[in-house]
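K.L.:
Numbered according to my numbering, the sequence shown spans residues 481 to 1220.
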Amino acid sequence: MLDRISKFTNSTSFLNASKVTIASVVPVLILNFLGHFEIGFTIALGAFYTYPSDIPSSLSHKIKGLIVASFIVSGVNLLVNLAYPYPFIFYPFLGFLLFLCSMISVYGQRATLVSFSALLSISLSFGHLHEGWEAFEYSGFIFVGGILYLIVSLVFHFVQPYKYVELQIAEGIKLTAKYLKLRGDLWSPEANRQAIIEKQLAVQVDLNLIHEDLRKMLIGNQNASATTSQNRKMLLVFITLVEIQELALYTSFDHSKLHEKFAKHPDVLRTYQNVAYKLASTLKKLSKNVHHIAVYVDKNDLKNELDALEFAIFDYEKTLGKEEAAEGVLMLTNMLKYAKNQVGKIKIIQRAFSLAMQSFKLKDKDKELEKFLTPQYYPLRTLTENLSLSSSIFRHSLRLTITILIGFFIGQLLPFQNVYWILLTIVVIMRPGYGLTKERSYNRIFGTILGGLLAFGIVSFIQNHVALSILSIVCMLLGISFTQINYKISATFVTMYVVFIYGILTPNVVEVIQFRVLDTLAGATLAFIANQFLWPAWEFINTPIHIENTIRANRNYLKEIADFYNKKGEIPTSYRLARKNAFVEIGNLMTSFQRMMQEPKSKQKTMPLVNKLVVLNHSILSALASLSTYIQSHQTTSASESFNYIIKTILSNLDHSISILRNEAIITDTFFDKEDVTLQFEELKRVNFKRLAADDELDKETRQAKMQEAQMVIEQLIWMSNLAEKILKITKEIKATNPD
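#1: Quick one: measure Cβ to Cβ for V527 and K661, integer angstroms, because I've assumed they're closer than 8 Å.
#2: Is the Cβ-Cβ distance between T762 and L647 less than 8 Å?
#3: Looking at the secondary structure, which residues open and close the alpha helix (DSSP H) in which V586 lies?
#4: Counting C-beta neighbours from all protein chains within 10 Å, is the total for K1047 16 or more, i.e. buried, or is it exposed?
#5: If you draw a straight line from the C-alpha of F606 to the C-alpha of G891, how long is it?
#6: Would you mind working out which of Y982, N490 and G927 sits nearest F973, comparing C-alpha positions?
#7: For the structure I just gave you, are there three or more beta carbon pairs, one from the region 542-550 and one from the region 586-601, closer than 8 Å?
#8: Could you check if Y1077 is buried or exposed, using at least 16 other CB atoms within 10 Å of its CB as the buried criterion?
#9: Can you name, in chain order, every residue of its own chain whose Cβ lies under 7 Å from the Cβ of F494, other than the five neighbours on each side?
#10: So is D999 buried or exposed if we call it buried at 16+ other beta carbons inside 10 Å?
#11: Report the CB separation of E1019 from S940 in whole angstroms; it is logged as a contact under 8 Å.
#12: Would you grab the beta carbon distance between L749 and L789 for me? Rounded to a whole angstrom, and I think it's under 8 Å.
#13: Looking at the secondary structure, which residues open and close the alpha helix (DSSP H) in which G526 lies?
#14: Once DSSP output is grouped into helix, strand and coil, what is the label at R879?
#15: What did DSSP end up calling W1015 once you bin it into helix, strand or coil?
#16: Which residue wins for smallest C-alpha separation from K1209, given the options L930, N1133, I1198 and E1144?
#17: Once DSSP output is grouped into helix, strand and coil, what is the label at H745?
#18: Can you list, in chain order, the residues of its chain with a C-beta nearer than 8 Å to that of D686? Leave out the 5 residues immediately preceding and following it.
#19: I1127: which of A1103, V997 and L716 sits nearest, CA to CA?
#20: What first and last residue would you give for the alpha helix (DSSP H) that runs through G1067?
#21: Counting along the chain, where does the alpha helix (DSSP H) carrying D787 start and finish?
#22: Give me, in chain order, the residues of the same chain whose beta-carbon lies closer than 8 Å to that of E1205; leave out the 5 immediate sequence neighbours on both sides.
#23: For R1142 and G887, I'd like the C-alpha separation in whole angstroms.
#24: Between the alpha carbons of H610 and L514, how many angstroms are there, rounded?
#25: Would the beta-carbon of L729 fall within 8 Å of that of V755?
#26: Taking I950 as part of the alpha helix (DSSP H), name the residues at either end of that continuous run.
#27: Tell me whether W667 is buried or exposed, calling it buried when 16 or more other Cβ atoms sit within 10 Å of its Cβ.
#28: Report back the beta-carbon spacing between S582 and T881 to the nearest angstrom; my notes put them in contact at under 8 Å.
#29: On a Cα-Cα basis, can you pick out the residue from N1091, V1090, P1052 and E1028 that is closest to I1140?
#30: Could you give the distance in angstroms between the alpha-carbon of D846 and the alpha-carbon of S868?
#31: With DSSP as the reference, label H637 as helix, strand or coil.
#32: Count the C-beta pairs between the region 1084-1100 and the region 1001-1013 that are closer than 8 Å, then say yes if the count reaches three, no if not.
#33: Going by beta carbon distance, what residues of the same chain come within less than 6 Å of P572, once the five residues before and after it are set aside?
#34: Relative to the C-alpha of R996, which residue among Y564, Y531 and G931 is closest?
#35: Please list the terminal residues of the continuous alpha helix (DSSP H) segment that includes A682.
#36: Spatial neighbours of V632 within its chain, please: CB distance less than 7 Å, with the 5 preceding and 5 following residues excluded, ordered by chain position.
And the structure:
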C-alpha cells in the first residue's frame, strides 16, 4: 500500500497537480488573510485555466506557451463581460468566440489545450459577470493567476530540472519492460498470439506518446542544456529505449513452426522464454529505482540466464549431433545473439543511472536530432484550410459551439441554479470521437453523484471551516492528479472539492449537490446527443487516412533500408526519421482502431478488415526492423539486381495500396510478374550461396552457418512480399466496403 502511494506521489500526474494546487491555493490563503478573498479566488481561477497548456516542451516554448495561454484566457473572459449587456451583439459574438477558440486546435497539442483553457474561461465567466472597469480588473487578476502559475512551474523546473524527464523515462522503461514481457508470452505453446499482438500494439501507442514527450524535453532543450551531462545522459537512455524496442521487433519468429521443430526439446524454448522474462523484469526493477530516485545497483547482470541458454543450446547440439542439429542451433544462436544485444543495451541504461557514465558526447548530432521534433509554426493558412466539413476539427468546433449555445439557452430558460456548470460539463466531456464522449459522460455522472454523496456525508459531520478547507485542498490535488489516470475518480474528487468549498461559503449544501447533479446530467446528455447527431465523427471515416499514413510510413522505411543497403556508409538521419514515423503511424492506426471498438456496432463497418491491416502493418514493420538490423550488424556485399527487384515489387504493392485509398487510378506495371518474382527469389538465393561457396577463408561450419543466415534473410523478404500482397488485397476490400 505504501509502495503504491509512494509511486503515485512520484508520478507526473501528481507533480503537475501539485503545481496548479500551489498556484491556486497560495493566493487564496494570503489574500483571504488580508481580507481580499474575491481577488485571491480570481487569481486562483487564472492559474487553474492556464495549467492545462503546461505540456512537455523546451523551456522557451513553455514560457511563451503559458504567457499566450494567460493572455487568451483573460482576454476571452473580458470580451464576454464587455459584450454581455448587449444581447443583440452578445449571442452572435458568443457563437463566433466559441467557434474560434475551438478551431485553435488545428495548431497541435499545445493549441488544443489552450483552446480547452479558453473554453473553460468562457464557461465559468458566466458565474462572475462584471461591467465597466470591474471587467478589466477581473480579467487582469485572471492574467496574474496565469503568470503566477508560470512562476510556480518555473520554480519546479529550476529546483528539479530533470524531475519530469526522469519520471517519463521511468514510465518509458516500465512500458518497454511490459512490451518485452509480452514478447516472452509469445513463446508459451498455448499462447493466444493474436491477443498478445493486440496488447503489444496498445503498449506501443502509449510508448509513442512517451517518446514524443521525451523528444520535446530532451532534444528541444539541447541548445539550453548543451553543457550539462545530465541532459545528454537522459538522451542516451531515451535513444537506447527506442533501440531496445526496435531490436525486440527484430525477433520476428514463426513461433508455431519453432514449437513444432523443438517439440521433442521444449526445455530449450522454455530456457529462452526465461531469458525474455528476465530482460523484462530487469527493466521493470530499473524503472522502480528511477521512480524512487535511487542510484541503481545491478544485483543480477543476467549472466546466469545467458549461460543457461548457451548450455541449453550446447546440450541440444550434443543430443542430436552437429549435422542434424545445425538448423536448430542456428535459430537458437540468433536468439542468443538477440538476448546478448538486449543485455548490452540494458547495461547502457544501468550505467547511466548508476552514475558510472559521467559525461559523453553524441558526435555533434544536435542539429540532426532537432529534425526528430514535430515542427512548431502557426500559419494562418492552416486555419483557413480546415474551414470545411471535411475537417474533423471544423466539425467538432461547430458541434461544440452549437451544443454550448443550446446549453446556455436551456440554462437561461429553465430553473437551473448555475448555467455555467452545464457549459463546463459540455466543455470537459465533449470530445471529437463518439466513444470517448460516451465514456466521459458516464464517468462524469457517476463521479458527480458519488462525490456528492460522500461530500454530503462528510459535511454533515464536519462543519469546521479549517477542516473543510484542508479537505478541499486535498480533493483538488487528487481530482487533478487523476484526470488523465481515471476520470471517474477525478470527477468524484472534483465534486467533493466543490461541495466542500460551498460548505464553507453557504449552509445549504444539499441544494448545491442537487443542482450540480442536475447540471451535470443536462450537460452530459447534450454532449452525448450532439456527438451522435451533429456531424458525427465516426471512426470508419477517418480510419482509411490512418491506414494510408501507416502504409506510406512503412513504405518509406523500406525505401530507406534499401537505399542504405545499396549505398552503405553511415546511417543517415532520414533513415532514423523514417523509422520513427513508422512506429508513430502504426500507433496512430491502433488508436483509431481502439476508438472504432467503442462505437456502436452499426458504425463498425470495416472493423474486422481494419484489425487485419493493423496486424499486417505491424508484421511488416517487424520484418523491416529485422532486415534493417541484419544489414547494420553484418558486412553485406553490394545489393544484387534480384534484391532490388524484390524490393521494387514490395514497394509497388504498397504504392498501389496507397493509390487505392486515395481513389487514384492504378497503372498496372507489366514489369512485375508473380512468377518472375519467385524466380528472382531463387536467383537471390543462388547468388548468395555461390558467393559463400567461393569464399576460401570460411571453414565448413562457418560457411554453412552463413548460408543458413542468408536463407533467413531471403525468407524475411518472402514474408514481406506476401505481407505487402495481403495489405493490397485487404485495402481493396476496405475500399469496396467503404468507397467514400
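Here a beta-carbon is modelled for each residue, glycine too, at the ideal position from N, C-alpha and C.
P.N.:
In terms of the structure at hand:
#1: As written in the sequence, residue 527 is Ala, which differs from the Val given in the question. Under the criterion of beta carbons closer than 8 Å, A527 and K661 do not qualify as touching, at roughly 40 Å.
#2: It is not a contact, given that the beta carbons lie outside the stated cut-off.
#3: Per DSSP, V586 belongs to no alpha helix (DSSP H) and is neither H nor E.
#4: Answer is exposed; the Cβ neighbour count stays below 16.
#5: For F606 and G891, the distance between alpha carbons rounds to 11 Å.
#6: If you compare the alpha carbons of Y982, N490 and G927 with that of F973, the shortest gap goes to G927.
#7: At 8 Å Cβ cutoff, the stretches touch.
#8: Going by the sequence as given, residue 1077 is Met instead of Tyr. Classification for M1077: exposed.
#9: The beta carbon of F494 lies closer than 7 Å to those of F488 and S961 in the same chain, with the five residues before and after it left out.
#10: Buried, since its Cβ has 16 or more Cβ neighbours within 10 Å.
#11: By a beta-carbon distance limit of 8 Å, E1019 does not contact S940. Their separation comes to about 46 Å.
#12: Wrong, their Cβ atoms sit about 10 Å apart, outside the cutoff.
#13: Note, G526: alpha helix (DSSP H), F517 to T530.
#14: In this structure, R879 counts as helix in the three-state DSSP scheme.
#15: Reduced to three states, the DSSP call for W1015 is coil.
#16: For the residues L930, N1133, I1198 and E1144, the minimum Cα distance to K1209 belongs to N1133.
#17: The answer is coil: DSSP assigns H745 none of H, G, I, E or B.
#18: Answer for D686: L655, listed in chain order.
#19: Comparing alpha carbon positions, the residue from A1103, V997 and L716 closest to I1127 is A1103.
#20: T1053 to M1077 is the span of the alpha helix (DSSP H), which, as asked, contains G1067.
#21: Its alpha helix (DSSP H) spans residues K783 to L800.
#22: Taken in chain order, the residues that qualify are N1133.
#23: One C-alpha to the other measures close to 39 Å.
#24: So the two alpha carbons sit approximately 23 Å from each other.
#25: One thing to note: L729 has its Cβ no nearer than 8 Å to the Cβ of V755.
#26: Here the alpha helix (DSSP H) through I950 covers H945 to S961.
#27: W667 is buried by the Cβ-count criterion.
#28: Their Cβ separation, rounded to whole angstroms, is 6 Å, which keeps S582 and T881 in contact under 8 Å.
#29: Nearest C-alpha to I1140: E1028.
#30: For D846, the pLDDT reaches just 46, beneath the cut-off of 50, and the residue's location in the model is therefore unreliable, although a value from the coordinates is still provided. Within the model, the alpha-carbon separation for D846 versus S868 is close to 39 Å.
#31: DSSP places H637 in the helix class (H, G or I) of the three-state scheme.
#32: No, because fewer than three Cβ pairs between the region 1084-1100 and the region 1001-1013 fall closer than 8 Å, the two stretches do not touch.
#33: Cβ within range, chain order: n/a, list empty.
#34: Here the closest residue by C-alpha is G931.
#35: Bounds of the alpha helix (DSSP H) holding A682 are R673 to L694.
#36: So the qualifying residues of the chain are K499, I502 and A503.
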